[in-house]
Amino acid sequence: MPVKDQFLYRKIGFILILICISLSSYALKERFEYPDLISLKSSSNTVNPELVGPENLCIVFGGVIGTYSGGGDPGDVYSWLVIGPNGEEIFNRSGGSQFETIKVSFNEVGIYNISLNVRRGTLDIYTSSLQVKVQKGPELALLPDYLLCGETPVKLTAIDPETSNLSSYSFIWKDQNGNIVGNENDLIAFTEGFYIVELFLRNSDGSQDCLITGSSFVGPPLDFKIQQSAVQICEGSSIQFETDTPLSGEWFIRKSGTSQKTSLGSAFNISINASTLPSLGVYEVIFSSFDPNLPECRSERKVAFELKEAPKIQINLLEKPDDCGNPNGNFTVQAASPLDSLVVEELGFVSGNISAGQTLNFDNLKPQIYTIRSYANGCELTNLFILEAKDPPTSANPPTIIQTEYDFFPESCTENGIVAGQLKIQFPQGNVIGYYRIMALGVGSILTGKIEDQDSLAVDLNGGDYLLELTIDGCTYPIEEFRIEKKPQVEFTVPTSINICEFFDFVPETNQNLSFTLTFPDGTSKTTDAQNPFQLTEAGNYSLVGISKDPSTGLCPKIQTFSATLSQSIVFEPVLKEEDCFGNKIYEAKIEGVDPDQTSIRWLNESGEIVGRSTVLFPTAFGDYSLIVQPLGSGFCPVSPIPFEITAPILSVPMDLEANKICPEPGFSTIKLSTNEAEVVLTEWIYFDLVNNRKDLTEFAGLFEITVSEVGTYEAVAYNRLGCEIGRNLILVEESTLLTPPNLEDRYGICSKENTVPPLDPGDFAAYSWYFEQELVSEKRLFKPSEVGEYTLVVTTIDGCEFAVSFTTFDACDFDVIFPTAMVLDDPSRDFRVLVSEGVTEADLYIINRQGALIHFQTVNEIAAEVPILIWDGKTGGKSIPSGTYVVVLMLRNPIYGFEEKITSSLLVID
């Protein structure tokens, strides 16, 4: 199968892949962690197989994946065959439970035929086929990632708008939370996140057909978050915002439900006072910045907060106290809105669940300031009510009035900022004893103290509006309202903290003409104008002083502090986290020493396009990829992408089995498995006897060659490093019926003089090995021994059985002859006789007298070694021959070995 077709599930969606990985992981866990579970499953109730799967598919991305299942029991073996429109074989795989369900890639339109055979043990129990119609489907136009620039929405298009039958398709768009957000070919995405589309055709029965699924991510180029001090604020309070990354950008605010947004200026952080907001309700705060690598695309993120109504009360004076020391004053508090509670601090009064319109009466009160706090809807309202004595006093003996003189001094500038203002009080009549309380409007008491027999008092105060309450000699004097004038300061902002990655060029945010002096953690300082960067390389605490370059502005300097941490370059790498038995893979960004949530992650394809932003990547195709990881909160860190390649996995290996039959000797068979051993990390062997009983041969696990002694069928299964089955085959082992050994004698003669000895023929066998003294001398059927010694023949039958026989040889042409040269007539013990060694089979004797006449002839055709032959008593014609010397001629022959030898000698005959 071409590599480009291996991942035709491209864009099916990470949810589906996760399910596949999870199922695969569970199967592997069963096999390697719970081996008993497999045998347990084999004993479950029998389930009949059934071929199920889609009969209609649509091709996208050059192909389509069809999923087909066979059912059955865990121990069943499935053989799948898929034939293409032109009769070609496009899928042919067999295997166990991992092949109960298969995924088939269809690359062209046409009619396909899917056949399934299910084997249980050695018996085929189910055969079925299914016809599948594959038609041309639309090409998904959806990209894996879209950039969201500013508030400009992104248009996601599922398929090419020019698709001829576009109107026949139904579309369902969902966001990452599963909410349906669209039902057309195009989706306008306003918000960041994952989007998934399903498109399909409707059958006549209304069911879905040719389902196509795609997914994409929409997001801005930059990774940052807006941090806010609260999600709800009340009237009279404020809220702060800051980005978690020191980015230069502009802040905006917009009332929810309106289109108009208002700029709040450029700053690292901002504070919004509720008093500046036009009405109650929900507001959006937006921060907008640019990625220097994508200057045309503005990165924006927004957060929301709610401005809630503060409690409403009405305070009514009923009666002032008669004089400064008489507790007979009276006022009421009426709830203008429902209150959760109301507190009068000076009276220790607390009351809850006050309904709108309800009035609370407070009497017998002395003159002073009363702090009234009301609570509702999570909001607090602080009112300061001044209850003063009547003027002039109406009591008969009012206390003596002490004269006071007040001076109020504004804030003033220093080299680095502002010095607080001051309140001064003079008592012209002399030293007094008492105490004072200073209260800030909307806040309450901020400063109290004693007056210890002194004629003056000085208190430092920051700019603002205050109330002064003096109590001397038990008499509360008229409340003094006053203001400490604030001194305006230069305006600039800095981040609260910065994470430095090797170095960071820091520029304070300001729109004024300022100069800055930065004090580094080591105590050194540097001064520069606005817009010129300070290069930060140290961790620690920094302080920055901003000074106006135009003294006429009257702006005081301002000091801001911030901290910095120093991060080394992030060590990261892409690692293969999971892969299943069908080639699906999941990669993970392995990040050392940093929380992945505190990093910006980008997976890029070979074209430099973003294809993933999370710690995991679900690749949609083979090829070259790269990974970039940068720390959040540090601006832009210099980092080099780490490249990696995703290659096609090996999903099957050859499974060639070879076995010989079981022979009488040695009584076993050897089965050899030939495969790609580099890809196989585990083998399993299974035995089925002649009645299909199964036995797992666990003792052979991991072997590529086994020895067995039982007749039956043996099955080998191969697994890769993931525990995935990548090959399976079986072979029948039988007993040999060819039991006839070679047809040879124990001893054979050879002829050293001539070589006319006929060859040995042991019979009909598949192979021959002739050995002389343990050395192989021939592998032919016919063999002619040529040396004296011990021979061994090993023959192999066509069943692979071996038989061995041994024999010895002797030299039949190198013989010994013994006969006398003299004999005594009529003495049987001294007659003429001949002895020959082994090898002579025929012999003739000729006795010739001096005249050359033949007087005796004798022949023999059967000769036993070392047994006398040609015995002669010296008589011829019944009479003894005369004494004297005679000629003896011996003719010795062996027709088998093709030799004949003549021996001539003399014989003395004695009477």
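0 is the number of the first residue of the sequence shown in numbering that gives the first Met the number 0; add one for each residue after it. Even glycine gets a Cβ: it sits at the ideal position worked out from N, Cα and C. Everything numeric in this text was worked out from a predicted model, so none of it was measured.
(1) Compute the beta-carbon to beta-carbon distance between V81 and G94, rounded to the nearest angstrom, for a pair I have assumed lies under 8 Å.
(2) How far does the beta strand (DSSP E) with R201 in it reach, from first residue to last?
(3) Tell me the start and end of each unbroken beta strand (DSSP E) in the segment 429-473 that is at least 3 residues and wholly inside, in chain order.
(4) Just verifying my parser: in three-state terms, what is the DSSP assignment at D596?
(5) Give the secondary structure of S247 by DSSP, where H, G and I count as helix, E and B as strand, and everything else as coil.
(6) Below 8 Å, how does it come out for the segment 324-341 and the segment 361-380: are there three or more Cβ pairs, yes or no?
(7) Give a yes or no on whether the C-beta atoms belonging to A140 and T156 are separated by under 9 Å.
(8) Kindly indicate which residue of P53, E138, P409 and Q134 has the alpha-carbon position closest to the one of T100.
(9) Should the segment 131-140 be called in touch with the segment 104-116, which here means at least 3 C-beta pairs below 8 Å?
(10) Between the segment 842-850 and the segment 884-896, can you find at least three pairs of beta-carbon atoms closer than 8 Å?
(11) Go through its chain and collect everything with a Cβ distance to E778's Cβ below 8 Å, but skip five positions before and after it.
(12) Let's test the definition: count the other Cβ atoms within 10 Å of the Cβ of Y465 and tell me whether it reaches 16, buried, or not, exposed.
(13) Please state whether the Cβ-Cβ distance between A309 and E379 is less than 9 Å.
(14) Spatial neighbours of G181 within its chain, please: C-beta separation below 6 Å, excluding the five flanking residues on both sides.
(15) Once DSSP output is grouped into helix, strand and coil, what is the label at Q97?
(16) Can you give me the C-alpha to C-alpha distance between N47 and Y125, rounded to a whole angstrom?
(17) Which two residues bound the contiguous beta strand (DSSP E) that contains Y476?
(18) Considering only residues of the segment 156-193, which uninterrupted alpha helix (DSSP H) runs meet the minimum length of 4 residues and lie entirely inside it, listed in chain order?
(19) DSSP has D623 in a bridge; who is on the other side?
(20) I'd like the list of long-range same chain contacts for Q534, defined as Cβ closer than 6 Å, with 5 residues on each side in sequence excluded.
(21) Rounded to the nearest angstrom, what separates F361 and P320 at their Cα positions?
(22) Do R780 and F806 count as a contact pair if the criterion is CB distance below 9 Å?
(23) Which of the three DSSP states is assigned to F105 in this structure?
(24) Can you have a look at T697 and say buried or exposed, based on whether 16 or more other CB atoms are within 10 angstroms of its CB?
(25) How big is the Cα-Cα spacing for Q402 and S547?
(26) What is the rounded straight-line gap between the Cα of E404 and the Cα of Q425?
(27) Decide if V908 is buried, meaning its Cβ has at least 16 other Cβ atoms within 10 Å, or exposed.
(28) Pick out the complete beta strand (DSSP E) segments inside the segment 47-73, 3 residues or longer, and give them in chain order.
(29) Any idea if F856 is buried or exposed, counting beta-carbon neighbours within 10 angstroms, 16 or more meaning buried?
(30) Would you kindly work out how many angstroms separate the C-alpha atoms of Y145 and G218, rounded to a whole number?
(31) Do the CB positions of Y718 and E709 come within less than 9 Å of each other?
(32) Please report the Cβ distance between S237 and I269, rounded to the nearest whole angstrom; I am assuming they are in contact, meaning their Cβ atoms lie under 8 Å.
(33) Less than 9 Å between the C-beta atoms of I730 and I645, yes or no?
(34) Within 10 Å of its beta-carbon, does P494 have 16 or more other beta-carbons around it, so buried, or fewer, so exposed?
(35) Flag this pair as yes or no: are the beta carbons of P137 and I211 separated by less than 9 Å?
(36) Taking all protein chains shown into account, do 16 or more other C-beta atoms lie within 10 angstroms of the C-beta of P573, making it buried, or fewer, making it exposed?
This is what the structure holds:
(1) Contact flag wrong, Cβ pair sits at about 15 Å.
(2) G192 to R201
(3) 431-439, 443-453, 455-460 and 463-471
(4) helix
(5) coil
(6) yes
(7) yes
(8) P53
(9) Touching, yes.
(10) yes
(11) A766, Y767, S768 and W769
(12) It is buried - the Cβ of Y465 has at least 16 other Cβ atoms within 10 Å.
(13) yes
(14) Hits under 6 Å: W172.
(15) helix
(16) 8 Å
(17) First-last for Y476: undefined, no H or E at that position.
(18) none
(19) E644
(20) Leaving aside the five residues that flank Q534 on each side, the residues in its chain whose CB is nearer than 6 Å to its CB run, in chain order, F502 and D504.
(21) Between F361 and P320, the C-alpha separation is close to 12 Å.
(22) no
(23) strand
(24) That one is exposed.
(25) 44 Å
(26) Taking the straight line from one Cα to the other gives about 5 Å.
(27) buried
(28) DSSP runs (the beta strand (DSSP E)) wholly in the segment 47-73: 48-51, 55-58 and 63-70.
(29) Looking at its Cβ environment, which holds fewer than 16 other Cβ atoms inside 10 Å, F856 is exposed.
(30) 7 Å
(31) no
(32) About 10 Å; that fails the 8 Å criterion.
(33) No, these two residues do not count as a Cβ contact at 9 Å.
(34) buried
(35) yes
(36) buried
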